[in-house]
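*Asks:*
Residue numbers (my numbering), protein chains in the order written: chain C, 352 to 728; chain X, 637 to 974.
If you want it as structure tokens, here you go:
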């Protein structure tokens, strides 16, 4: 330091600031981050130490069970015998059943086409800066459900029929969730608007429906749909079990969605509708152009929460004998060949549910960032 | 759940009042497949195997009926039913037959309008202990701590049994079957008591299933069997005799493996009638004359089915005990094929 300033001495009268001192060691860099975030106060330090201890005990144990001492290759239980850890062979052997349920092997390509086409076009329609996005979205809304229906059910265009009884696994979970999600949003919006309507009949009907459905558990709705509904139908008419479940789930989700949307509607200032009226917009134009875009944006987190909840609620269909992903896992663990491997099965099911739910939640965050810049605090 | 159960019973009763189903056999033949209600997975009794085909002791009854009706045991469509949905499913005609570890009780037979066609498995409350205790009989359990589910008839049966045998015990009470399993597995109690098939299934979920043994004593009656709708006697007969044929086959020593040989060489008149070699007994049920042959050929006799799915050599490991033939000291008995 001294030598440097000797050489580069400032001329008389010239002002030269002293070189910046480096910041104190504990205020920048990783150490500072650690101090600020992990040991900021006595309580924080305690929490950090507790978490570290928990990790120390948990991580190696989980790692040993799931990876180090686990069996990955083989085709029977015997292959797992030498290793004390997880027997992933079980998941490996059963994975096709977990994904397709009892869908016949020769026809599984149809399920693949439907799911890949659906997920593919959904991703396409959701990603920005893609040409023809609107058309892809339109394809998803109109021809896609019909196409999926024909492909999955068969019985026309030379496709052998596959009864809904055989649908199962992740395929069924995705079907119920996507039908529930895509039916509940428009239905929910309609119900929310109905509840705020000035027409007494519509308002009463909406309130009655929402309050009734929200007051009963989903299990009961499913149970009524599958057991009580046949009572009211003419004898002999066999109403498809899956269809009953789909209707039950959609109506149930719609009631919750209606209240979420209503929350958003109430957050839109009255001035907005008045301004729209002043411009000469009618009820529908006001809603479509002014109120709903704002209302829905307010409640994106709640809507996505509902979707995630619905996705997980689909597992309840097992009570009416439908074999969704979780039920297929449960069924597999009751095969006496694989009995007692419930942990592996549930770990797999949990991982699959996590992937889907986490994906939805991340997309909702992205949407919020994209749409809600003006509202961020 | 209990409320839902009652609701299911009520619905089933209401349905029963409105329906007097007839011609199930014709419906089944016309449809080309049997709709068979099974459980949503119970180890050894009904569960899909690696190929996605249902297999198990209860499932074999479905297969036997399909073999009798179509000559093809694979022509079954399995409908998984839960404890609450099983009765409405049978009543509304969603299934032709329920083979789903259902206990035959007076109320179900009479009030709900079902016909139980037989008993496929004599279940009943039993005891499980650790092998290390070296207990061979429930009568050696004096002073034991017993894990039991609260609010069930299990609890009352347990008290009665110990009192009747002048033994004492310490109950450890839990709400749920899973809690009991964990508690028992961790050594909170010496004995775990519930229905024997349930014990066997829970045993397989233990950390070391082989360390536990189900004792031979059965202290309550839980006869499980296939059931059909009341009022269609012809269909009831088909199911009853498809099942009985499996029992007679074991009595006569006929197995899936030797049925062809027996058919060719047996001089026993009942066997010859059964396998359709002489007489027209089969056709009297509006089926093929040799339908029992097909049942035995494709499904096997009752003992084979038992050993294949729940017997001592399977992971379920249930001794036959009372489920042995009457001639071997059990309760399994069929009227003669005459």
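Cβ atoms here follow ideal geometry from the backbone N, Cα and C, with glycine treated the same way.
#1: Which parts of the stretch 620-664 of chain C are runs of the alpha helix (DSSP H), unbroken and 4 residues or longer, counting only runs that do not cross its ends?
#2: Can you tell me the Cβ-Cβ gap for residue 927(X) and residue 704(X), rounded? I've got them flagged as a contact below 8 Å.
#3: Just curious, the alpha helix (DSSP H) that residue 617(C) is in, first and last residue?
#4: Between residue 671(C) and chain X, is there a C-beta pair that is closer than 8 Å?
#5: Beta-carbon within less than 8 Å of residue 767(X)'s beta-carbon, same chain only, minus the 5 sequence neighbours each way: which residues are those?
#6: If contact means a Cβ-Cβ distance below 7 Å, which residues of the stretch 669-693 of chain X contact chain C?
#7: Is residue 483(C) buried or exposed, if buried means 16 or more other CB atoms sit within 10 Å of its CB?
#8: Using only alpha-carbon positions, find the residue among 866(X), 751(X), 824(X), 736(X) that is nearest to residue 757(X).
#9: Between residue 521(C) and the rest of its own chain, which residues show a CB-CB distance below 6 Å, the 5 nearest in sequence each way excluded?
#10: Looking at the structure shown, is residue 844(X) part of a helix, part of a strand, or coil, going by DSSP?
#11: With a threshold of 8 Å between beta carbons, is residue 841(X) in contact with chain C?
#12: CB-CB under 7 Å to residue 835(X), same chain, minus the five flanking residues each way: which ones, in chain order?
#13: Which residues in chain C have a C-beta closer than 9 Å to the C-beta of residue 952(X)? List them in chain order.
#14: Which residues, taken in chain order from the stretch 494-523 of chain C, show a beta carbon closer than 7 Å to some beta carbon of chain X?
#15: What's the C-alpha gap between residue 786(X) and residue 810(X)?
#16: Between 513(C), 473(C), 572(C), which has its C-alpha nearest residue 671(C)'s C-alpha?
#17: Consult DSSP for residue 785(X) and reduce its assignment to one of helix, strand or coil.
#18: Smallest Cα separation from residue 740(X): which of 728(X), 730(X), 753(X)?
#19: Please name the residue in 887(X), 899(X), 954(X) whose C-alpha comes closest to that of residue 854(X).
#20: Taking a Cβ distance cut-off of 9 Å, strictly less, list which residues of the stretch 625-636 of chain C are near chain X, in chain order.
#21: With 16 other CB atoms within 10 Å as the buried threshold, where does residue 402(C) fall?
#22: Answer yes or no: do residue 448(C) and residue 688(X) have a C-beta to C-beta separation smaller than 8 Å?
#23: Would you say residue 713(X) faces chain C, with C-beta separation under 8 Å as the test?
#24: Does the beta-carbon distance from residue 938(X) to residue 968(X) come in below 8 Å?
#25: Is it true that the CB of residue 640(C) sits closer than 8 Å to the CB of residue 615(C)?
#26: Using CA atoms only, rank isn't needed, just tell me which of 805(X), 804(X), 801(X), 841(X) is closest to residue 815(X).
#27: Would you say residue 430(C) lies against chain X (beta-carbon separation less than 8 Å)?
#28: Would you say residue 948(X) lies against chain C (beta-carbon separation less than 8 Å)?
#29: Can you pull the chain C residues whose beta carbon is under 9 Å from the beta carbon of residue 845(X), in chain order?
#30: Suppose you measure from the CA of residue 540(C) to the CA of residue 930(X); what does that come to, to the nearest Å?
#31: Using a cut-off of 7 Å between C-beta atoms, extract the partners of residue 617(X) located in chain C.
#32: Check for me: the alpha helix (DSSP H) holding residue 538(C) runs from which residue to which?
#33: Residues in its own chain within less than 8 Å of residue 783(C) by CB, not counting five upstream and five downstream?
#34: Contact between the stretch 855-869 of chain X and the stretch 705-718 of chain C: three or more CB pairs below 8 Å?
#35: For a contact meaning CB atoms closer than 8 Å, what does residue 445(C) contact in chain B?
#36: Does the Cβ-Cβ distance between residue 611(C) and residue 650(C) come in under 8 Å?
*Replies:* Checking against the coordinates, here is how it stands:
#1: 621-629, 643-649, 651-664
#2: For this step, residue 927(X) is matched to residue 291 along the second chain. For this step, residue 704(X) is matched to residue 68 along the second chain. About 4 Å separates the two Cβ atoms, so the contact holds.
#3: If you number the first chain from 1, residue 617(C) lands on position 266. Where residue 617(C) is concerned, the enclosing alpha helix (DSSP H) stretches over 592-618.
#4: Residue 671(C) sits at position 320 when you count from the first residue of the first chain. So yes, residue 671(C) belongs to the interface.
#5: If you number the second chain from 1, residue 767(X) lands on position 131. Only 846, 847, 848, 849 meet the Cβ criterion.
#6: 676, 677, 678, 679, 680, 683, 684, 685, 686, 688
#7: Here residue 483(C) corresponds to residue number 132 of the first chain, with the count starting at 1. So residue 483(C) counts as exposed.
#8: As a working note, residue 757(X) is residue 121 in the second chain. Nearest of 866(X), 751(X), 824(X), 736(X) to residue 757(X), Cα basis: 736(X).
#9: One-based indexing of the first chain puts residue 521(C) at position 170. For residue 521(C), where only same-chain residues beyond five positions count, the Cβ hits under 6 Å are 450, 676.
#10: Sequence index remark: in the second chain, residue 844(X) carries index 208 (1-based). Coil, per DSSP.
#11: Sequence index remark: in the second chain, residue 841(X) carries index 205 (1-based). Interface residue, yes.
#12: Here residue 835(X) refers to the residue found at position 199 of the second chain. Result list for residue 835(X): 762, 764, 828, 850, in chain order.
#13: Position 316 of the second chain holds residue 952(X). Those are 687, 690, listed as they occur along chain C.
#14: 516
#15: As a first step, residue 786(X) must be located in the second chain, where it is residue number 150. As a first step, residue 810(X) must be located in the second chain, where it is residue number 174. C-alpha separation (whole angstroms): 6 Å.
#16: If you number the first chain from 1, residue 671(C) lands on position 320. The shortest Cα separation from residue 671(C) among 513(C), 473(C), 572(C) belongs to 572(C).
#17: Taking the first residue of the second chain as position 1, residue 785(X) is located at position 149. Here residue 785(X) sits in strand by DSSP.
#18: Against the second chain, residue 740(X) aligns to sequence position 104. From the listed residues 728(X), 730(X), 753(X), the smallest Cα separation to residue 740(X) is found for 753(X).
#19: Along the second chain, read from residue 1 onward, the residue named residue 854(X) stands at position 218. It is 954(X).
#20: Within the stretch 625-636 of chain C, no residue qualifies.
#21: Stepping through the first chain from its first residue, residue 402(C) is reached at position 51. Exposed: under 16 other Cβ atoms inside 10 Å.
#22: Residue 448(C) sits at position 97 when you count from the first residue of the first chain. Residue 688(X) sits at position 52 when you count from the first residue of the second chain. At a Cβ-Cβ threshold of 8 Å, residue 448(C) and residue 688(X) count as neighbours.
#23: As a first step, residue 713(X) must be located in the second chain, where it is residue number 77. Yes - at least one Cβ of chain C is within 8 Å of the one on residue 713(X).
#24: Start at 1 with the first residue of the second chain, and residue 938(X) comes out as number 302. Start at 1 with the first residue of the second chain, and residue 968(X) comes out as number 332. Result yes, Cβ atoms of residue 938(X) and residue 968(X) sit closer than 8 Å.
#25: Here residue 615(C) corresponds to residue number 264 of the first chain, with the count starting at 1. Here residue 640(C) corresponds to residue number 289 of the first chain, with the count starting at 1. Contact flag unset, no.
#26: Counting from 1 along the second chain, the entry for residue 815(X) is found at position 179. Residue 841(X) is the option with its Cα nearest to residue 815(X).
#27: Translated into positions along the first chain, residue 430(C) becomes position 79. For residue 430(C), not one C-beta of chain X is nearer than 8 Å to its own C-beta.
#28: Counting from 1 along the second chain, the entry for residue 948(X) is found at position 312. Output row for residue 948(X): interface = no.
#29: Along the second chain, one-based indexing puts residue 845(X) at 209. Simply 690, 691.
#30: Here the question's residue 540(C) lines up with position 189 in the first chain. Here the question's residue 930(X) lines up with position 294 in the second chain. Residue 540(C) and residue 930(X) have their C-alpha atoms roughly 59 Å apart.
#31: Outside the modelled stretch of chain X, which goes from 637 to 974, sits residue 617(X), for which no answer is possible.
#32: What you label residue 538(C) is simply residue 187 of the first chain in a count that begins at 1. 520-546 is the extent of the alpha helix (DSSP H) around residue 538(C).
#33: Shown here, chain C extends from 352 to 728; a query on residue 783(C) therefore has no answer.
#34: no
#35: In the structure shown, chain B cannot be found, because the protein chains are C and X.
#36: The residue you call residue 611(C) lines up with position 260 of the first chain. The residue you call residue 650(C) lines up with position 299 of the first chain. Yes, Cβ-Cβ distance for residue 611(C) and residue 650(C) is below 8 Å.
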